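For reference, the structure discussed in these notes is given below.
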Amino acid sequence: MPANGFAHIRIARPSRDLAAAERFWKQGLGLSELYRHSSEAGEHALLMLGWPDAHWHLELTLDPSGTLGPSPTPDDLLVVYLGEAVPAELVARLERCGGKRVAAYNPYWDEWGVTIEDPDGYRLVLSQREWSNS
191 MPANGFAHIR IARPSRDLAA AERFWKQGLG LSELYRHSSE AGEHALLMLG
241 WPDAHWHLEL TLDPSGTLGP SPTPDDLLVV YLGEAVPAEL VARLERCGGK
291 RVAAYNPYWD EWGVTIEDPD GYRLVLSQRE WSNS
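This note's numbering numbers the first residue of the sequence shown as 191 and each following residue consecutively.
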């Protein structure tokens, strides 16, 4: 398959705690578990989450040596364009599942959405705007 708009994208990130990350992304945001590999001696554990009909998924890994951890910056964002007001219940659920609402590094995102930090410090923006590449 050539690199085009139908190519699947994997966003891979290390995690300190896969259970906490899973609670945030799966129970909080509502992503589905697509694949899981439990850690065996010397192997990375990983969890793939996404929406089954999406052309992307989030892969969270746990380094068995413990030396590679998350290193997000305040501008490392995963933006989900909702096309409507951000539901207060969704924000509350993400907070109950380990997220923390934070001010955006770029004030644009505070104007058009809500920024929530996941348990590893990566930021999810729920945007009220719509987006289309066409």
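Backbone N, C-alpha and C define an ideal beta-carbon position, used for all residues, glycine too.
The structure displayed is predicted, hence computed values, not measured ones.
Backbone CA spacing between residue i and residue j [nearest angstrom]
i, j, result
"PHE214", "PRO192", "33 angstroms"
"LEU267", "PRO277", "19 angstroms"
"LEU284", "ASN194", "32 angstroms"
"GLU212", "ILE201", "15 angstroms"
"GLY288", "LEU221", "15 angstroms"
"ASP310", "LEU252", "11 angstroms"
"THR305", "GLU230", "35 angstroms"
Residue i (DSSP reduced to helix, strand or coil)
i, result
"ARG283", "helix"
"TRP321", "coil"
"TRP246", "strand"
"ALA210", "helix"
For residue i: DSSP bridge partner residues
i, result
"PRO297", "According to DSSP, which records beta bridges pairwise, PRO297 is partnered with nothing at all."
"LEU239", "GLU223 and LEU248"
Residue of the options minimising C-alpha distance to residue i
i, options, result
"GLY303", "TYR295, ASN296 and VAL315", "VAL315"
"LEU272", "ARG319, LEU208, GLN217 and ALA293", "ARG319"
"GLU233", "LEU250, CYS287 and PRO254", "PRO254"
"LEU248", "SER322, ILE199, TYR298 and ASN323", "ILE199"
"SER317", "ALA235, GLU274 and SER228", "GLU274"
Segments assigned beta strand (DSSP E), at least 3 residues, entirely inside the segment 252 to 280: 267 to 271
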